[in-house]
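A.B. asks: My structure is below; once you've seen it, I'll send some questions.
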Amino acid sequence: MSAVRGEFSSRFGFIMAAAGSAVGLGNIWGFPTQVASNGGAAFVLVYLVLAFLLAYPALMAELLIGRFAKANAVTALRKVASGRFSKNLGTATGFYGIVVASLILSFYGIVAGWMLAYWMEPLASLLGLRDGLVHSLGAQLFFTLLFMLGTILIITGGVKDGIEKWSSRLMPLMIMILFLLIIYVFTQPGAMSGLKAYLIPDFSRIGDRELIISALGQAFFSLSLGVGTMLIYGSYISKQENLPVLGGLVTMIDIGIAVMAGLLIIPAMHVALENGVEIFDASGALLAEDALVFTVLPALFDSMGFVGTLVGFAFFALMSIAALTSSISMLEVPVAYTVENHGITRSAATWWIGGVISMISLLVILNFERFFGFIVTFTTQFSQPLLGLMLCVFVGWIWHRDGILDEIKQGNPDVELGLFWKIWPVYVKFICPLIIVMTFGNTLFG
Ligand code: TRP
């Protein structure tokens, strides 16, 4: 039925791939903008707590199901289940995840296309192209397609020669650019007041319902949870590896890079203020989201002359690279399913599915107002928590505890004696579903 399955060749390869999936626009753009609009360090604190207490256990659930079944989400969830009803529920959940992963890629590709355009802007002006050309509608279509092409090419290479190879190359490069940018920004006047704004929490915001819901959504998106991305990456891990440790490392890298990105962006905004760039909106709040990345930062780079051009170039390279190691993990979800369950070759499956998702992206660009916000809300606010809940139900209520223990013991024989096994099973069974239901109810009806 299926060709030989791929596997990550090393622990480092897996960590780079999974951290590459986790670290993306969600960390470098989403996290700092959320911090900026949610009371600075108050958001950081809530986020840290939720990421460790909620996202990490959910990540472990996905990695475990994946490695146990060594299969795509549909097959894996069916394998975990025993009754007819729960098997069908597994099929439904797996498919839902595949659709959501594909839709996330369709909007992610658009945003990544903007990053590519800003990245290429200095080159375009060197070549003497008309100002603003890279931001025209045609260019938007072009850069989104270019980004999707890169995603497709990497995924046709498979697990070891595609995902692992490119994640292992690009992640260290990305981290290096991030550090260089932080060092540079800290030499600029104004950076210190930004640092203060970032590190001193506005405690009055900490119990804010809005803030908690945003932090939860951010944590789920950032760790690529719910849609089967981590499940499929888990399925490529060797049985010799210690999963709770690997999952913990990936969580820490993801959180660490989000915090570092905040250390870049928030001080950069205050440097911009120092240089006379407007960083507050009419109500006195910090400009956030698209205004931050596409107005404030470019204005900052402009105000710095030639060095600014270089810094801007590095910054948008950082964004584009981070996006690419994430987008490949989204495309892998539908591709793995199609290859394994329908006997289609990897390259045919990748080109077809990647092609269809690219078409969806183009349609969304052409009907931006109508579709973009809707897809983002449907996938990230609605579907991801729901799918996360389903996965917790599968691990906590459907999969037999002995089966889970057998799986987790591989690569970690003493796990039964440790803290992880005392806490985690209760956690995914009761606490995670409860928190998800509560915040989810709040998003829907609050
Ligand atoms: N985690 C990535 C980011 O922070 C995005 C991502 C990759 C993702 N795979 C995913 C989000 C699957 C949701 C589901 O940018």
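For the sequence shown, the numbering used here gives the first residue as 5, with consecutive numbering after it. For glycine and all other residues, C-beta sits at the position ideal for the given N, C-alpha and C.
(1) As an exercise, report each continuous alpha helix (DSSP H) stretch of at least 4 residues that is fully enclosed by the stretch 376-408, in chain order.
(2) Report all residues from its chain with a CB closer than 6 Å to the CB of tyrosine 51; omit the five preceding and five following residues, and keep chain order.
(3) Verify whether the separation of the beta carbon atoms of glycine 166 and isoleucine 156 is less than 8 Å.
(4) Taking only runs of the alpha helix (DSSP H) that begin and end inside the stretch 139-204, which ones reach a length of at least 4 residues, in chain order?
(5) Run through DSSP, which three-state label would phenylalanine 284 get?
(6) Excluding the 5 residues preceding and the 5 following threonine 313 in the sequence, name in chain order all residues of the same chain whose CB lies nearer than 6 Å to its CB.
(7) Which residue comes first and which comes last in the alpha helix (DSSP H) that contains glutamine 222?
(8) Between arginine 9 and the ligand PLP, is the CB less than 7 Å from at least one heavy atom?
(9) Tell me the DSSP secondary structure of leucine 2 in three-state form.
(10) Does the beta carbon of phenylalanine 225 fall short of 7 Å from some heavy atom of the ligand TRP?
(11) Using a Cβ distance threshold of 8 Å, determine whether the stretch 385-404 contacts the stretch 221-234, with at least three qualifying pairs required.
(12) Less than 8 Å separating the beta-carbons of isoleucine 402 and leucine 68?
(13) Provide the residue span of the alpha helix (DSSP H) that contains glutamine 38, from first to last.
(14) Using 7 Å as the cut-off, classify the Cβ of phenylalanine 108 as near or not near the heavy atoms of the ligand TRP, replying yes or no.
(15) For leucine 290 and cysteine 396, what's the separation of their Cα atoms in angstroms?
(16) Is the distance from the Cβ of alanine 327 to the Cβ of methionine 178 below 8 Å?
(17) Is leucine 290 helix, strand or coil when you go by DSSP?
(18) Using 8 Å for Cβ pairs, my map puts alanine 223 next to alanine 55. What's the rounded Cβ distance?
C.D. replies: In brief:
(1) 388-397
(2) Ala219
(3) no
(4) 141-160, 169-190 and 195-203
(5) strand
(6) Pro126
(7) 213-226
(8) Absence of the ligand PLP from the depicted structure is noted, with the ligand TRP being the only ligands included.
(9) The question about residue 2 has no answer here: the residues shown for the chain are numbered 5 through 450.
(10) yes
(11) yes
(12) no
(13) 35-41
(14) For the sequence presented, residue 108 should be read as isoleucine rather than phenylalanine. Yes, since a heavy atom of the ligand TRP falls inside the 7 Å radius drawn around the Cβ of isoleucine 108.
(15) 37 Å
(16) no
(17) strand
(18) 5 Å
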